[in-house]
Amino acid sequence: MFDVITVGEPMVLFASNEKEKIRDAEQFTKYTAGSELNVSVGLSRLNYDVVYVTRLGKDPFGEFMYDFIKSEKINTSHIKFDPSRPTGLMFKGKSKDKDPEIFYMRRNSAASGICKDDLDFGKNKSAKVIHLTGISLALSEGTKKAVFFLAQFAKENGIKLTVDPNLRYQLWDSKDEMINTVNTLAFMSDVFLPGLKESQMLTGFSEIDQIASFYLNKGVKTVIIKLGKNGAAVFTDKEFYTVPGFKVPVVDTVGAGDGFAVGFISGLLDELTLKDSVIRGNAIGALQVMTPGDNDGLPNRTKLEEFLRSMI
Ligand code: KDG
1 MFDVITVGEP MVLFASNEKE KIRDAEQFTK YTAGSELNVS VGLSRLNYDV
51 VYVTRLGKDP FGEFMYDFIK SEKINTSHIK FDPSRPTGLM FKGKSKDKDP
101 EIFYMRRNSA ASGICKDDLD FGKNKSAKVI HLTGISLALS EGTKKAVFFL
151 AQFAKENGIK LTVDPNLRYQ LWDSKDEMIN TVNTLAFMSD VFLPGLKESQ
201 MLTGFSEIDQ IASFYLNKGV KTVIIKLGKN GAAVFTDKEF YTVPGFKVPV
251 VDTVGAGDGF AVGFISGLLD ELTLKDSVIR GNAIGALQVM TPGDNDGLPN
301 RTKLEEFLRS MI
């Protein structure tokens, strides 16, 4: 029995050390990135058994990535190498008060060749949570099928499904296709985790209660709208409340949503209350924005507890 299964594309990330614009940057630091990878890293650091399904190129970046994934003790049983395609790359400008410039080199990457056949879990049919994002829906027809296959697998096996829309406009041909596809996945989720702007784009509504009703009426059990530094708004069919965020010095905002997912999912796995899971989500989101990479701020249990104690 796994704790969590997820599928996605890992990328080697080159983050500018000083310049805001990638074209002006001369020095970069090498990191790893990819939303579902970040979530896998965070949950593994909290000692969960996470199966991360992906494909890597048989190139120096794929080898670097594999070593990183192994060093993070993520379950590698569903990672394949594809010698015919490259590992995805991502570049990031430096910016602490707005979203940084992002440039991808990921078209036809090894991970865009992920397909349903990569998702054979044999007799080990069970996991406690499946976590999916809209990024993998956008990479190729194969990754889209893989994501919906896993969503259906969650439904059929009574596995909790968490979905983060993670809208990446650069990856979609059309806005309508993005909205329809991501909403189809969102409607299957038990817990839907959009950011405020994303949820406005996906529903056409501006108010959080209208947005939440839109998804609750489709059968989603819990809708959590992430409000950045203001925390998160939580909606179920019985209750609504907001949980304030933690005020921390921001170095880079990328990865905050993945940090939130890590904290929230770990709360579910630890059987915390919904509210305490959201507090943990806010805490790990805050820890992640204090570092320049996309997963380098994700804590182990000791660091998480220290942070929560320091914030009282
Ligand atoms: O959520 C953080 C991700 O956006 C980042 O690590 C890279 O997966 C990524 C993407 O597609 O932008």
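Per the working numbering: the sequence shown = residues 1 to 312.
Positions of the beta carbon are idealized from the N, C-alpha and C atoms, including for glycine.
Residue interval of the alpha helix (DSSP H) (run including residue i)
{"i": "Ile69", "result": "60-71"}
{"i": "Leu13", "result": "Segment 11-16 is the beta strand (DSSP E) holding Leu13; no alpha helix (DSSP H) there."}
{"i": "Lys96", "result": "It is not in any alpha helix (DSSP H) - Lys96 carries neither H nor E in the DSSP assignment."}
{"i": "Ser199", "result": "196-203"}
{"i": "Arg23", "result": "Note, Arg23: premise wrong, no alpha helix (DSSP H); not H, not E."}
{"i": "Arg301", "result": "301-310"}
Span of the beta strand (DSSP E), counted from its first residue to its last, around residue i
{"i": "Ile130", "result": "127-133"}
{"i": "Thr54", "result": "50-57"}
{"i": "Lys30", "result": "28-33"}
{"i": "Phe81", "result": "79-82"}
{"i": "Phe2", "result": "2-7"}
Test item: CB-CB of residue i and residue j under 7 angstroms
{"i": "Ala151", "j": "Met188", "result": "yes"}
{"i": "Leu193", "j": "Ile224", "result": "yes"}
{"i": "Gly267", "j": "Asp276", "result": "yes"}
{"i": "Cys115", "j": "Gly134", "result": "no"}
{"i": "Tyr31", "j": "Gly293", "result": "yes"}
{"i": "Met290", "j": "Val243", "result": "no"}
{"i": "Asn17", "j": "Thr29", "result": "yes"}
{"i": "Ala286", "j": "Val248", "result": "yes"}
{"i": "Ala212", "j": "Phe235", "result": "yes"}
{"i": "Ile130", "j": "Leu167", "result": "no"}
{"i": "Ala33", "j": "Met11", "result": "yes"}
{"i": "Gly255", "j": "Asn295", "result": "yes"}
{"i": "Val7", "j": "Ser136", "result": "yes"}
{"i": "Ser95", "j": "Glu207", "result": "no"}
{"i": "Val41", "j": "Leu298", "result": "yes"}
{"i": "Lys353", "j": "Ala15", "result": "Outside the shown range of the chain, which is 1 to 312, sits residue 353, and nothing can be said about it."}
{"i": "Leu13", "j": "Met90", "result": "yes"}
{"i": "Phe149", "j": "Leu119", "result": "yes"}
{"i": "Lys221", "j": "Asp190", "result": "yes"}
{"i": "Asn157", "j": "Lys123", "result": "no"}
Supposed close pair residue i, residue j - CB separation, criterion 8 angstroms
{"i": "Gly88", "j": "Glu36", "result": "That pair is no contact at about 12 angstroms."}
{"i": "Val50", "j": "Lys128", "result": "The pair is not a contact, with the Cβ atoms about 11 angstroms apart (cut-off 8 angstroms)."}
{"i": "Leu304", "j": "Ile284", "result": "7 angstroms"}
Any chain C beta carbon closer than 7 angstroms to residue i
{"i": "Val254", "result": "Checking the listed chains, one finds no chain C in this structure; it contains a single protein chain."}
Unbroken beta strand (DSSP E) runs of length 3 or more, entirely within the stretch 157-194: which are they?
List check, beta strand (DSSP E) in window: 160-164.
Can you confirm whether the stretch 50-64 touches the stretch 109-120 when touching is taken to mean that 3 or more C-beta pairs between the two stretches lie within less than 8 angstroms?
Cβ pair count under 8 angstroms is three or more, so yes.
Three-pair Cβ contact test at 8 angstroms for the stretch 254-270 versus the stretch 173-182
By the Cβ criterion, the stretch 254-270 is not in contact with the stretch 173-182, since fewer than three pairs of Cβ atoms, one from each stretch, lie closer than 8 angstroms.
With a cut-off of 8 angstroms, do at least 3 Cβ pairs link the stretch 92-106 to the stretch 39-47?
Proximity of the stretch 92-106 to the stretch 39-47 falls short of the contact definition, fewer than three beta-carbon pairs being nearer than 8 angstroms.
Please give me, in chain order, every unbroken run of the beta strand (DSSP E) with length at least 3 that falls completely inside the stretch 216-295.
Taking only runs of at least 3 residues, the beta strand (DSSP E) segments lying wholly in the stretch 216-295 are 222-226, 232-235, 240-243.
Can you find at least 3 beta carbon pairs, one from the stretch 73-81 and one from the stretch 17-27, that sit closer than 8 angstroms?
The answer is no - the stretch 17-27 does not touch the stretch 73-81, with fewer than three Cβ pairs under 8 angstroms.
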